[in-house]
Structures are given as structure tokens and as C-alpha cells.
Amino acid sequence: MDFHKLAKKYDTPLYVYDFNHFTKQFNKLKKAFKARKSIISYAVKANSNLSVIKHFASLGSGADCVSIGEVKRALLAGVDKYKIIFSGVGKRDDEIKEALERDILMINVESEAELARVHDIAKEMGKTARISIRVNPNIDPKTHPYISTGLHENKFGVDIETAKKMYIFAKKSEFLNPVGIHFHIGSQLTELEPIKEASAIVADLVRSLKAISVDIKFFDVGGGLGIKYKDEKLIEPYDYAQAILSTLSGLDVTIVCEPGRFLVGNGGYFITKVLYEKVNGDKRFVIVDGAMNDLIRPSLYNAYHKIEVLSTVENPEISKANIVGPICESGDFFAKNIDVPQTNPGDLVVIYSAGAYGFTMSSNYNTRPRAAEVAVENGEDRIIRRRETFEDLIACEIDYLV
Ligand code: LLP
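The sequence shown lines up with residues 1370 to 1771 when you count with the working numbering.
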């Protein structure tokens, strides 16, 4: 990846995505599940650029969406509507209605109250809603608490007994068709055992539902496969698939898997450049033109991202420094106390593993235009989102004009 060429051509701060890496990751996972019917439904929230979604659609991917906006993105990017799932703990009536109009594969329901809403809306529309129910298997996924979702203390899904009740209700209703079951215990998972345990619990539920003639067709295992940011020990896709498959004996289900980070995380780079260096007391700061509004993971989760400083200083001295952005918050940093070579203004700083939850979690805080996004595929680069302008930022504010 020629970061200098890309920074010169598109300026910084800049997101760059290696589409060949995306393809490789998708194929690895698809292959791991080849013993069964499977749908890989890319979790759009990880990186929702239309060109990224379109790339996965062209490989046969579905889409896991958490807002009607994401559903619309998936459809616009050419994802097959029968591979689109709409999840989320709080869907609005208009979102449910539109999902039914768009006739997607299934709405993933996360509470009894929501099931009743989906029922009523489908009835009003004279439709039958295909649904799945998100089960919370009460398993500790052993990941960061902010991205852990499969414990009863988390807001997601319903417990087994409630799920059973909901399936019975759905089975009886002519406006609901319970086709799927879903669980997702957390993100950046690096241990296999919790996934296997959760899968076994949910598979048992599918068996008991079968006994009461609720025939589940889609077994949705969520996303969560971890990637290497630093020195994590990773789960191999093959072992992941085998662990899930081993819990499904006797069940004729299509496996749905919703990876986000695994597909795009390590294929993304955030490129920023040095503006200045300064020393406060004995503390050295390297100030760059990217900031927490562009990539919030270090500030929000204290997340580690590998950083490479492409210094142009000859034989630079190396010393500890914080790499920080221009935003007026002490939390605006990419790394603290790391070894950084002396730099010249304009030197590039490359932040690795920025393809997932990078741009999608960016904001306009401090009235900063969001970065441009570039795709690199087979050695060719192309812009897939232009840099925002000041005019873009104020476009929705109209009152001051009158
Ligand atoms: N399916 C469901 C229902 C989810 O809630 C998520 C992620 C995924 C799939 C995709 O998970 P993945 O394969 O990417 O781990 N912003 C955080 C991550 C939040 C994940 C939210 N849900 C971060 O930057 O680490």
C-alpha cells in the first residue's frame, strides 16, 4: 500500500480500504461453512460505505442491518433482499413498516413488546412478517464490557423461556411467520468456548421448538469473530464453523453468520499527517490532523491500534510520545506513551486495523468535515466517498436563513 501516493492524491485525514483483503476474508468464512447451507450477512454497521456493501454483495453476501437506513443502504448496494436481516432493540413503527414493505428475509425481534408491535403492523398491512427472535443465552463472551451482549445484564434479546412464549404466540398468528432464531454474544471474540456454549443452548431451544411444530429454518449465530489488533490469539474460521456445526446435529437449518469486524477490520488504514510537535514539561506530543471525531475507538474503548510513523527525519531519535488530534478534549488521542521517531510537519502517521467501526463511528464534532474514503483493489485506487465540505456540514441548518 503506497500511503505517500494516496495521501498526496487524496489529502489527509483519509481512510483507505484494501478490497482484496475484504474478498479474502469473506471467502475464508464462506469456505469454513461449506458443509452446510449458509448465508454470510455482512454487518453493515462496521463499515457502511455503499461501495463496501456492494463489494460484499457481489461476492454473494447478505446484510445484517440495525436501522432502516442500513436496510436501504444494503438494498441500494444490490444486496439480495432475501439475505437482509433487520435487528436492533428499539425499532420504530415506521422502520418496521418499511422493512415489511421491502420484504426482507426477516425482522429480528428483541422483546415481547416488539413482537406485539410487529404483529399489529403486519396485520394493519395485511402481511405476514417473517421474524426471528434474538435469544440471550446468558453467556460471558470474555470481551470488552462495552461490546459484550450475551449476558442477561445486557439489553439485548430475551431469555429462553420468554423466547419460547414468543414463538408460540408467533406460530398461532397468521401475521407472523417465525422462520429464524438469533444470538450474538459480543464483538471481538477471541475464545471459542463461549460461542460453542451459546450455540448449544440455542440449538437445544430449536429442538424443543420443533417438538411443538415451530420449524426454524435460519440459525443466526450473529457476528463477533475477533481480529488481530496487537497480539491477540485468534479463532480460526474453520474452528469457529466446526464448533457451531457440532451443536447442530439432527437440525436442517441454514446457518446465518453476521461478521463485521472480521471482514473489514484489518483491511482499513487511517492516514493522518503530523502538524506539529510540542513538549509540555517532560511530556512529548505529536499533533496530527486526524482526531477522535474520525476514529473514536482509542478514546472510547481505550482500544489499541498499531501506529506507524513514516518519519522523514534522517536517523531520527526515538522517544515516548502521545499521538493526539486537534480536538479540544483530553480524550482526543490515538496512542499514549508509545515510541515515536522525531518527525517533520507533513510526515504521515498510519493507523492500522481501522476498517471496522472507524468511519462509521465518526462525527462532525468541532465542525470537522469527515474524512474521504478510498478503495484499493488490484493495485488501483478510487475514491468511494469524497471529503465533506463546510457546506455539507451546515446543509441541514436552515433556520438562520430566515
Ligand atoms: N450482529 C449483531 C447483532 C451485532 O450487534 C454486531 C455488532 C454484529 C453482528 C457484528 O459484530 P462484529 O462481527 O463486527 O464483531 N463499536 C464497537 C463494536 C460494536 C459491535 C456492535 N455489534 C467497536 O468499535 O469495537
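Glycine included, each C-beta is placed from N, C-alpha and C at the ideal position. Please read all numbers here as calculations on a predicted model, not as lab measurements.
Is the Cβ-Cβ distance between residue i and residue j less than 8 Å?
i     : j     : result
E1472 : I1490 : For the record, residue 1472 in the displayed sequence is Asp; it is not Glu. Going by C-beta atoms, D1472 is not nearer than 8 Å to I1490.
S1420 : A1744 : yes
P1606 : G1555 : no
A1412 : P1628 : yes
R1709 : I1692 : According to the sequence provided, residue 1709 is Val. The question's Arg does not apply to it. It is a contact, given that the beta carbons lie within the stated cut-off.
K1647 : T1623 : no
F1485 : L1561 : Note on identity: in this sequence residue 1485 is Ala, with Phe being the wrong assignment. No. Outside cutoff.
V1718 : T1641 : yes
A1498 : F1544 : yes
A1446 : I1409 : no
I1665 : N1418 : no
R1503 : S1568 : no
K1524 : V1458 : yes
L1644 : P1547 : no
G1592 : Q1557 : no
A1740 : L1474 : no
E1742 : Q1711 : no
T1559 : I1604 : yes
Y1670 : H1513 : yes
I1465 : V1448 : no
A1723 : F1639 : yes
L1679 : F1372 : yes
D1750 : L1444 : no
S1501 : I1537 : no
Contact check, residue i vs residue j under 8 Å by CB: the rounded distance?
i     : j     : result
A1432 : K1452 : 7 Å
I1508 : N1477 : Actually they do not touch by this definition, with Cβ atoms about 18 Å apart.
G1637 : G1727 : 6 Å
S1480 : V1435 : Not a contact, Cβ separation roughly 15 Å.
V1590 : F1552 : 7 Å
Y1675 : K1602 : First, the residue type needs correcting, since residue 1675 is Lys and not Tyr in the sequence shown. Their Cβ separation, rounded to whole angstroms, is 17 Å, which puts K1675 and K1602 out of contact at 8 Å.
D1380 : R1756 : 7 Å
T1729 : N1505 : With a Cβ gap of about 25 Å, T1729 and N1505 do not count as contacting.
T1681 : D1651 : Actually they are not in contact, since the Cβ atoms of T1681 and D1651 sit about 25 Å apart, beyond 8 Å.
A1401 : A1610 : 4 Å
P1667 : F1703 : 5 Å
F1772 : L1398 : For residue 1772 there is no data in the structure shown, the boundaries of the chain being 1370 and 1771.
I'd like to confirm the pairing. Which residues does DSSP put opposite residue i in its beta bridges?
i     : result
N1546 : R1499
N1477 : S1501
E1560 : DSSP, once it has assigned bridges, lists no residue as partnering E1560.
E1677 : V1719
Y1638 : V1385
H1373 : Paired residue(s): none; H1373 is not in a bridge.
V1527 : V1504
I1624 : S1407 and F1588
H1551 : R1503 and D1589
F1654 : K1647 and N1691
Is residue i near the ligand NAP, going by C-beta to nearest heavy atom under 7 Å?
i     : result
M1661 : Absent from the structure shown: the ligand NAP. Ligands present: the ligand LLP.
Using a Cβ-Cβ distance cut-off of 8 Å, determine whether residue i contacts chain B.
i     : result
E1439 : Given the protein chain composition of this structure (a single chain), no chain B is represented.
### Query
Is the stretch 1606–1626 close to the stretch 1405–1425, with three or more CB pairs under 8 Å?
The answer is yes - the stretch 1405–1425 touches the stretch 1606–1626, with three or more Cβ pairs under 8 Å.
### Task
Check whether the stretch 1732–1744 touches the stretch 1657–1664, counting contact only when three or more Cβ pairs, one atom from each stretch, lie closer than 8 Å.
Three or more beta-carbon pairs separated by less than 8 Å link the stretch 1732–1744 to the stretch 1657–1664, which places the two stretches in contact.
### Query
Are the stretch 1437–1448 and the stretch 1650–1657 in contact at 8 Å, needing three or more beta carbon pairs?
Counting Cβ pairs under 8 Å, fewer than three are found: no touch.
### Complete beta strand (DSSP E) runs within the stretch 1682–1770 (minimum length 3 residues, chain order)
Taken in chain order, the unbroken stretches of beta strand (DSSP E) that lie wholly in the stretch 1682–1770 and span 3 residues or more are 1687–1693, 1702–1710, 1717–1720, 1741–1746 and 1749–1754.
### Message
Three Cβ pairs or more, each shorter than 8 Å: is that satisfied between the stretch 1630–1650 and the stretch 1382–1390?
### Response
Touching, per the Cβ criterion.
### Task
Any chance you could list the beta strand (DSSP E) runs of at least 3 consecutive residues sitting entirely within the stretch 1411–1461, in chain order?
For the stretch 1411–1461, the continuous beta strand (DSSP E) assignments of 3+ residues that do not extend past its boundaries occur at 1431–1434 and 1453–1455, in sequence order.
### Query
At what residue ranges does the stretch 1554–1615 contain a whole run of the alpha helix (DSSP H), taking only runs of 4 or more?
Listed in chain order, the complete alpha helix (DSSP H) runs (minimum 4 residues) inside the stretch 1554–1615 are 1561–1580 and 1606–1614.
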